[in-house]
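Shown next, in the form of structure tokens:
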């Protein structure tokens, strides 16, 4: 019994495994004896055919002995076939036990390498163990049959065969453990090199940008040298295996030939001598070769794999498939208040404040120093407002202070924040001064509306009446109903940071985003800026290094949260099956046909459904175009019960009209929220708000706001409408990054405006006076 907490050796575990299966071993031995019968008959029948038949002039007797040898071969073949079934009785229990061990370890420890162990290493152990059983069994019974035949022919023949055979086997067994260790060293070095090359391949851009080519090359070269040294050490010890094979398999042939005169003089017949050569060359030598090569290579590999699969949870285990982002120890940043803005950048003086707090002194008006357009002072902020009610059957909710406002409308503004389209940026909660009598109300006309009696910048009071005391007592107004609790945002990111590797630059940095239910948000930006990464984070497919992602108030990686979102990637997946099965994949029960037609008409694929032959027609994915597959994926997501739809360029293969129809269908779903990674600029024009991802300069707003405040958004719109001026063009000046006159030292500018912003910000050709390039270039 092994000590508690100590894993028994591989050999001890193997012996216990075999001892528990004596019946399978007995069946395997029985069929192996039948297989070994043809080995015995091969040399013995050949010797008797020569001595009693052909050399004695009796050809019929010789042919009879050869016929017996042929029958023995047939019997041996039958026994060989039955040994495979007996071997399976040993191999399959080993495989089942390893699978149970790996699964139990994965459930207990959450080991990320469990999939590799189940799909790869367990199969290696199974195949290798089966090969070792067959090789070892074949050697034992083949050697036994050959030695028995030699003893039956002439015991003196054993003097030339048994000593070198035992010497070679002893040398091989002594070096077997060393060979196993060298084999394991090669495997470990190979795994280390593979992990390093995987990290290097994924971080080539960062390695080049950081100037770390020599350092990385040196580290990788050291791993290559380590694997080369391990392989050379294994090759050196493999020479011992060749020596053992020479001693056990080839030296007996040489000794038989050297001792042939002496053997023939001491009673060994010519037929017996020929039979001995047949035993050694046709049976014993191949068996030794299979044993040495099989047990030397496969046995070492099996020992390594078994040790790794049966190691305790506290052992080395396996490594993950690559570096994963980790949550920082200090936890996520404070959650933004309701109506929080989109922020992407280092925290600055314009930190997000709760809308219920009164603005500090000096912050109620314009900031003292405005940030330069296109750049960020502190945190870039903007908000996604709550959309209007699209269902038409929900009355507006009034609070004690008047009509309810969206959380985004109440969000405070700060440096770098985009102005709200409806004017004021924030409103404080009622204070004692708000509830005090308003002197200005006495100067209002008697018939003026109640809301007009408020002082400038003040909110309406409960009940909609002024605070002045009436001249005569009046019944107290009925108490207003308590405001309904605000629903959880459909999607919220709080301080989210994500990078593809521990040493890579963050793709998303300190991003705060709040999307209320029913909103329609478009995400735009240059290729590779991180738009698909954002959808992966929103869907819970990627784990942020810092921050939190919630769907409907639940963590994005929870099972309940995953049921509340559906992601449609650019490459649509369609499986072989009926069209109805493809469309209803996310529904637990079959979808009624009228609902299928309604969804098809909504996203614009009714014509495709008719052309395929209806929803009962079998779909062949290879026979569909990329746009048709996207149509099917869109209809499948439309029928999904998930309220949050994430479209990651899911309409890139559709024409603009079909794209608009599909997006509008998702936006009209009752209670549905839509986030679109825009493939065309028109998606941004249709959205309630647009998130412009530009590295640290992420901003959010509607189309008009972004044209005024985001140079990148203007560039994207200009590229989409190439050949005409951007709409609107925007006045030249600091907000556009251009001078209306030529700068010194630029002859031949032909009165064009001259851009002086970043290199990537260029003036659209359509905005120039002659709609041409600068200087006619």
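Numbering (full-length UniProt numbering), first residue to last: 1 to 777. Where is the CB? At the ideal position from N, CA and C, for every residue including glycine. From a predicted model like this one, the values you see are computed outputs, not experimental measurements.
Inter-residue CB distance, residue 798 and residue 523 (contact presumed, cutoff 8 Å): There is simply no residue 798 to check, as the chain begins at 1 and stops at 777 in what is shown.
Classification of residue 672 by the beta-carbon crowding that lies within 10 angstroms, buried from 16 upward: Buried, since its Cβ has 16 or more Cβ neighbours within 10 Å.
Distance CB(residue 612)-CB(residue 583) smaller than 8 Å: Against a cut-off of 8 Å, the Cβ pair of residue 583 and residue 612 comes out as no contact.
Beta-bridge partners of residue 498, as assigned by DSSP: Bridge pairing for residue 498: 508 [DSSP].
Cβ contact check for the region 149-164 and the region 236-256: 3 or more pairs under 8 Å: Because the criterion of three Cβ pairs below 8 Å is met, the region 149-164 and the region 236-256 touch.
At least three beta-carbon pairs within less than 8 Å, the region 229-241 to the region 184-196: Verdict: yes, contact present.
DSSP state of residue 601 mapped onto helix, strand, coil: Three-state result, residue 601: helix.
Own chain, CB closer than 7 Å to residue 75, minus 5 neighbours either side, in chain order: The residues 34, 37 and 38, in chain order, have a CB closer than 7 Å to that of residue 75 in the same chain once the five nearest residues on each side in sequence are set aside.
Rounded separation between residue 689 and residue 505 - CA only: Cα to Cα, the separation comes out at about 27 Å.
Buried or exposed (CB count within 10 angstroms, at least 16 for buried), residue 257: Residue 257 comes out exposed.
Whole-number beta carbon distance between residue 57 and residue 154, since they are thought to touch under 8 Å: About 23 Å; that fails the 8 Å criterion.
Of the listed residues 520, 516 and 512, nearest to residue 537 (C-alpha basis): By alpha-carbon distance to residue 537, the top candidate from 520, 516 and 512 is 512.
Short Cβ contact (8 Å threshold) for residue 292 with residue 244: Cβ atoms of residue 292 and residue 244: closer than 8 Å.
Residue 490 vs residue 517 beta-carbon contact at 8 Å: Taking the C-beta atoms as reference points, residue 517 is found nearer than 8 Å to residue 490.
Collapsed DSSP secondary structure at residue 677 in the structure displayed: Note: residue 677 maps to strand in three-state DSSP.
Candidates 596, 633, 614 and 595: closest to residue 567 by CA position: Restricting attention to 596, 633, 614 and 595, the CA atom closest to the CA of residue 567 is found in 633.
The region 46-54 contacting the region 264-278, beta-carbon criterion three pairs below 8 Å: They touch, by the three-pair rule.
Reduced DSSP category for residue 668 - H, G, I as helix; E, B as strand; rest coil: Reduced to three states, the DSSP call for residue 668 is coil.
Burial state of residue 262 (16 or more Cβ within 10 Å): Label assigned to residue 262: exposed.
Residue of 591, 492, 67 and 503 minimising C-alpha distance to residue 540: It is 492.
Beta-carbon gap between residue 621 and residue 549 smaller than 8 Å: Not a contact, by the Cβ cut-off of 8 Å.
C-alpha distance - residue 800 paired with residue 610, whole-angstrom precision: What is shown of the chain runs 1 to 777, which leaves residue 800 out entirely.
Contact between the region 92-112 and the region 57-69 (3+ Cβ pairs under 8 Å): In the pairwise beta carbon analysis, the region 92-112 is classified as not touching the region 57-69: fewer than three pairs are separated by under 8 Å.
Bounding residues of the beta strand (DSSP E) (the contiguous stretch that carries residue 246): In this chain, residue 246 is not harboured by any beta strand (DSSP E), its DSSP state being neither H nor E.
Start-to-end residues for the beta strand (DSSP E) that takes in residue 550: Element bounds for residue 550: 546-551.
Residues bridged to residue 645 [DSSP beta-bridge criterion]: According to DSSP, residue 645 bridges with 566 and 674.
Selection from 239, 196 and 212 that minimises the alpha carbon distance to residue 224: It is 196.
C-alpha gap between residue 228 and residue 191, whole angstroms: One C-alpha to the other measures close to 13 Å.
First through last residue of the alpha helix (DSSP H) which encompasses residue 543: For residue 543, no alpha helix (DSSP H) encloses it, and the DSSP letter there is neither H nor E.
Neighbour-count burial assignment, residue 653, 16 or more Cβ in a 10 Å radius: Buried: at least 16 other Cβ atoms inside 10 Å.
Per-residue burial, residue 44 [other beta carbons within 10 Å of its own, 16 or more giving buried]: Answer is buried; the Cβ neighbour count reaches 16.
8 Å contact criterion, which residue 587 and residue 639 should meet: CB distance rounded: At roughly 6 Å, the Cβ-Cβ gap stays under 8 Å, so residue 587 and residue 639 are in contact.
Rounded straight-line distance, which links the Cα of residue 599 to that of residue 392: Note that residue 392 scores a pLDDT of 42, beneath 50, so its modelled location is shaky; the value from the coordinates is reported in the next line. In this structure, the alpha-carbon of residue 392 lies about 21 Å from that of residue 599.
Residue burial classification, residue 157 (beta-carbon count within 10 angstroms, cutoff 16): Its Cβ being crowded by 16 or more others within 10 Å, residue 157 is buried.
Length of the line joining the Cα atoms of residue 276 and residue 122: If you take the alpha carbons of residue 276 and residue 122, they lie about 42 Å apart.
For residue 631, three-class secondary structure by DSSP: Residue 631: helix per DSSP, three-state reduction.
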